[in-house]
Structures are given as C-alpha cells and as structure tokens.
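Residues are numbered in the working numbering as their position in the sequence shown, beginning at 1, plus a constant of 41.
For glycine and all other residues, C-beta sits at the position ideal for the given N, C-alpha and C.
As the structure is a computational prediction, the values presented were derived from the model and not from experiment.
What follows is one structure encoded as structure tokens, with my remarks underneath.
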Amino acid sequence: MNSITLEFLRLTVDKSFHLAAPAFTTLRQTVKAAGVKEQYYGLTDDNSSQLLWIIEWPQKTHSPELQEESSHFRQQINVLDVNLKPISWLVPFRFAEEVRPALTAPICEFAHIVLKESSKPEMISESLHKTFTDCYYARGFTGGNWGIATNSNDKVCIYVLGWESRAHHAEYSKSALFDVEINKLKPHYAPGSMGIFSRLTRELS
Numbered sequence: 042m043n044s045i046t047l048e049f050l051r052l053t054v055d056k057s058f059h060l061a062a063p064a065f066t067t068l069r070q071t072v073k074a075a076g077v078k079e080q081y082y083g084l085t086d087d088n089s090s091q092l093l094w095i096i097e098w099p100q101k102t103h104s105p106e107l108q109e110e111s112s113h114f115r116q117q118i119n120v121l122d123v124n125l126k127p128i129s130w131l132v133p134f135r136f137a138e139e140v141r142p143a144l145t146a147p148i149c150e151f152a153h154i155v156l157k158e159s160s161k162p163e164m165i166s167e168s169l170h171k172t173f174t175d176c177y178y179a180r181g182f183t184g185g186n187w188g189i190a191t192n193s194n195d196k197v198c199i200y201v202l203g204w205e206s207r208a209h210h211a212e213y214s215k216s217a218l219f220d221v222e223i224n225k226l227k228p229h230y231a232p233g234s235m236g237i238f239s240r241l242t243r244e245l246s
C-alpha cells in the first residue's frame with residue numbers, strides 16, 4: 042500500500058456555479074493528466090456556495106507546475122473562488138484505504154480543529170485521536186481517519202469521517218461519549234474550527 046497526501050480545497054463559488062462548469066472540469070482533467078487516480082468533489086450540505094474538492098496526490102507525484110502557488114494551475118483555482126482566496130490543507134495518510142470509507146460514504150464530514158497558538162498537538166494527542174476512534178461506537182459511522190495539515194504549522198487537524206446519514210451524526214453528537222473528548226479539546230479551539238458535510242462525487246482516472 043502506498044502513502045498519499047489528500048489536498049482539501051474549499052472554495053467560495055458564485056451562485057451560478059455548477060459542478061459541471063467547464064472551468065472546474067478543466068482543472069480536474071489537469072490533475073488527471075498529472076497522474077492523480079482519484080479525486081472527490083461536491084457542494085457542502087449547508088451552503089451551496091461552498092465547493093469542496095479533494096485531490097488524492099500520490100506521494101511520489103511532484104509537479105511544481107501544479108503545486109507551486111505561482112503556477113498557472115493555482116491561479117486558475119484562485120479565479121474559481123469569488124474571494125480569490127481558496128483554502129487548501131495538505132494531509133498525509135499511510136494509504137488511501139484509511140480514508141476511502143469516509144470519502145465514498147453517503148455523507149462525508151470534514152471536521153476541522155484549528156488549535157490556538159499556545160496549543161500543540163502533542164499536548165492533546167490522546168484526545169485528538171480518541172475523538173476519532175470513539176466514532177466507531179456510533180450507529181451509521183462508515184470509517185475514516187484524521188491527520189494534521191502539513192501546511193498549517195501543526196495548527197490544523199482534519200478529520201475525514203463517513204456517515205450513512207446526517208441523522209446518524211446528529212444522534213451521535215448528542216451522546217455522552219461524543220462530549221467526553223470534545224470537552225477536553227474545546228479550550229484549545231481557535232476560530233475556524235468547524236464541521237462541514239458533503240455528498241461527494243468520486244472521479245477516477
């Protein structure tokens with residue numbers, strides 16, 4: 042099994058945007074040509090102006106023309122965002138199978154924990170990890186994993202969690218088990234911590 046890096050792109054798109062838009066289609070074709078075998082995309086459940094695009098970069102892929110901020114490819118992504126400031130987080134995983142059960146689930150949750158400047162992941166590592174593993178006790182949980190964004194100075198933890206439905210997540214979020222680790226982590230939260238849900242389209246090359 043080969044390691045991967047997931048790039049989580051979140052863009053604010055124009056109200057007229059649709060997933061089959063030629064500009065977005067061209068961008069997806071560009072990463073395919075660079076060797077990307079899997080990518081996922083969808084509008085968020087709670088805000089149709091938010092586009093999520095998840096690119097599964099093979100660890101061996103190094104394409105400066107796609108990954109450098111000054112590249113034409115990155116500039117085209119910027120243009121797709123109405124604020125010209127898309128959010129991008131890069132999270133490594135040991136292998137794709139760690140997160141695929143979440144990405145292919147009926148509903149995928151991306152939980153972002155942004156840490157305060159005074160907080161370090163190693164200080165709260167047990168709670169960060171148990172927040173994920175406790176999900177396996179929840180009805181409707183399909184799997185997933187979590188990691189720390191390498192381009193965040195260890196300040197952004199991203200959980201990729203699969204659910205059979207939003208109702209299953211809502212049920213779990215009201216449980217006592219859910220609160221145990223979340224309550225330990227809340228004092229470390231900085232602005233930007235949130236949960237985002239989407240029904241993703243999987244695109245294979």
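Please classify Phe136 as buried or exposed, where buried requires at least 16 other C-beta atoms within 10 Å of its C-beta. Looking at its Cβ environment, which holds fewer than 16 other Cβ atoms inside 10 Å, Phe136 is exposed.
Rounded straight-line distance, which links the Cα of Asp175 to that of Glu167: Going by the C-alpha atoms only, they are around 12 Å apart.
Tell me where the alpha helix (DSSP H) around Tyr213 begins and ends. Note, Tyr213: alpha helix (DSSP H), 207-214.
If I follow the unbroken alpha helix (DSSP H) through Phe144, where does it start and stop? Checking the displayed sequence, the identity of residue 144 turns out to be Leu instead of Phe. 141-144 is the span of the alpha helix (DSSP H), which, as asked, contains Leu144.
Which residue comes first and which comes last in the beta strand (DSSP E) that contains Asn186? For Asn186, the enclosing beta strand (DSSP E) has its first and last residue at 182-189.
Proximal residues to Thr242 (C-beta, below 8 Å), its chain only, five neighbours per side dropped: Counting only Cβ-Cβ distances below 8 Å, and skipping sequence neighbours, we find Leu60, Tyr81, Tyr82, Gly83.
For His153, write down the residues that DSSP places opposite it in a beta bridge. His153 is bridged to Ile199, Met235.
I need the DSSP call for Ser90, collapsed to helix, strand or coil. Reduced to three states, the DSSP call for Ser90 is strand.
Taking Pro147 as the reference, give the member of Asn88, Lys215, Glu97, Thr183 with the closest Cα. Nearest neighbour of Pro147 by Cα position, chosen from Asn88, Lys215, Glu97, Thr183, turns out to be Thr183.
If contact is defined by three or more beta carbon pairs under 8 Å, each pair taking one atom from either stretch, is the stretch 124-144 in contact with the stretch 47-57? Yes: at least three Cβ pairs fall under 8 Å.
CB-CB under 6 Å to Thr191, same chain, minus the five flanking residues each way: which ones, in chain order? For Thr191, where only same-chain residues beyond five positions count, the Cβ hits under 6 Å are Leu131.
What do you get for Tyr178, buried or exposed, if any count of 16 or more other CB atoms within 10 angstroms of its CB means buried? Around the beta-carbon of Tyr178, fewer than 16 other beta-carbon atoms lie within 10 Å, marking it exposed.
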